[in-house]
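For what it's worth, our numbering labels the leading residue of the sequence shown as 1047, then goes sequentially.
Think of the CB as a built atom: it goes at the ideal place given N, C-alpha and C, for glycine as much as any other residue.
Just so we're clear, the structure is a prediction, and the values are computed from it rather than from any experiment.
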Amino acid sequence: MPRTSEPAAAPGGTGPAPGAEPLGVDLQPTGHPVVDAALARLEALDGAPAEEHVAVYEDVHQRMADTLAALDQE
């Protein structure tokens, strides 16, 4: 999945968050739209300060857990 290398904007949209650098991780499509959408959330971390990472990781984890739980119900 292509991603941009532009860091996230600082609060107020004035440019990159101070001290935040792009992670440089390329996400590859899995072929599963729900999984790909969850993984795409990780792009929000690029250039974001570390204190914002937890909420994104928790969201991705919950999406993946929900996806796995749905497989058990099939």
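{"Query": "Exposure of Y1093, with buried meaning 16 or more beta-carbon neighbours within 10 Å", "Result": "Looking at the sequence itself, residue 1093 is Gly, so the reference to Tyr does not match. G1093 is buried by the Cβ-count criterion."}
{"Query": "Reduced DSSP category for Q1108 - H, G, I as helix; E, B as strand; rest coil", "Result": "helix"}
{"Query": "Beta-carbon spacing of M1102, L1091 below 8 Å", "Result": "This sequence places Val at residue 1102; Met is not what is there. Yes; because the gap between Cβ atoms is below 8 Å, this pair is in contact."}
{"Query": "Distance between V1080 and T1113 (C-alpha atoms, nearest Å)", "Result": "7 Å"}
{"Query": "L1088, enclosing alpha helix (DSSP H) - first and last residue", "Result": "Neither: L1088 is in no alpha helix (DSSP H) and is coded neither H nor E."}
{"Query": "Distance between beta carbons of V1100 and L1088, contact taken as under 8 Å", "Result": "At roughly 13 Å, the Cβ-Cβ gap does not stay under 8 Å, so L1088 and V1100 are not in contact."}
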